[in-house]
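First comes the structure, then the notes that go with it.
Numbering (this note's numbering), first residue to last: 3 to 149.
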């Protein structure tokens, strides 16, 4: 990397809990100044999928991961993701979590699947923007799944 800025990547972790499996999505960030890495990378949890939302999204998750060359997550493991895939999964994790009705979850998953990479980046930024993330998530849910 040249210049100043940040290097970002995502990591997906599968954890086994007494209550079942859960997927955790992390975003890593590394500062770069004058082409050199400064300090340690910072990790921030984007979201967790478990229970019914995970069951609804599981086929799409497997499809997206398969396109990225991952056949299956192991029982417990971590997987580094490309930035476009991480942003798309971030949108999925953030928007799905509060929903209760399965039909809305299904519409949301289908809508996120159809987003172009640029749209996924846009919605990821809206859904994680400090001070307005909740409004961004709500807008995405209304757009894709109705309210």
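We treat Cβ as the ideally placed atom computed from N, Cα and C, and that holds for glycine. For clarity, every value in this text was computed on a predicted model and none was experimentally measured.
Euclidean distance between Cα positions of residue i and residue j
i: residue 121; j: residue 92; result: 12 Å
i: residue 4; j: residue 22; result: With a pLDDT of 46 at residue 4, under the threshold of 50, the modelled position of this residue cannot be trusted, and the question is left open.
i: residue 37; j: residue 68; result: 33 Å
i: residue 40; j: residue 103; result: 45 Å
i: residue 20; j: residue 56; result: 16 Å
i: residue 72; j: residue 46; result: 23 Å
i: residue 137; j: residue 27; result: 21 Å
i: residue 64; j: residue 17; result: 16 Å
i: residue 131; j: residue 74; result: 31 Å
6 Å CB neighbourhood of residue i in its chain, flanking five on each side removed
i: residue 80; result: 13 and 15
i: residue 114; result: 93 and 94
i: residue 96; result: 49, 129 and 139
i: residue 147; result: 106, 109 and 110
Residue i versus the options, residue with shortest Cα-Cα distance
i: residue 33; options: 49, 44, 25 and 63; result: 44
i: residue 9; options: 29, 114 and 24; result: 29
i: residue 54; options: 48, 25, 66 and 70; result: 25
i: residue 88; options: 49, 112, 134 and 100; result: 49
i: residue 99; options: 123, 70 and 129; result: 129
i: residue 61; options: 96, 31, 112 and 42; result: 112
i: residue 58; options: 101, 127, 137 and 134; result: 101
i: residue 66; options: 131, 145 and 119; result: 119
Nonlocal neighbours in the same chain, by C-beta distance under 8 Å from residue i, ignoring five residues either side
i: residue 117; result: 90, 93 and 125
i: residue 133; result: none
i: residue 52; result: 19, 21, 22, 23, 24 and 25
i: residue 123; result: 86 and 89
Same chain, Cβ closer than 7 Å to residue i, five either side skipped, listed in chain order
i: residue 135; result: 129
Original post:
How about the stretch 83-90 and the stretch 106-113: do they share at least three Cβ pairs that are nearer than 8 Å?
Top reply: As far as the Cβ criterion goes, the stretch 83-90 does not touch the stretch 106-113, which means the pair count is below three.
Original post:
In chain order, which continuous runs of the beta strand (DSSP E) of length 3 or greater are located wholly inside the stretch 12-99?
Top reply: Fully enclosed beta strand (DSSP E) runs of no fewer than 3 residues occupy 22-35, 38-52 and 79-83 of the stretch 12-99, in order along the chain.
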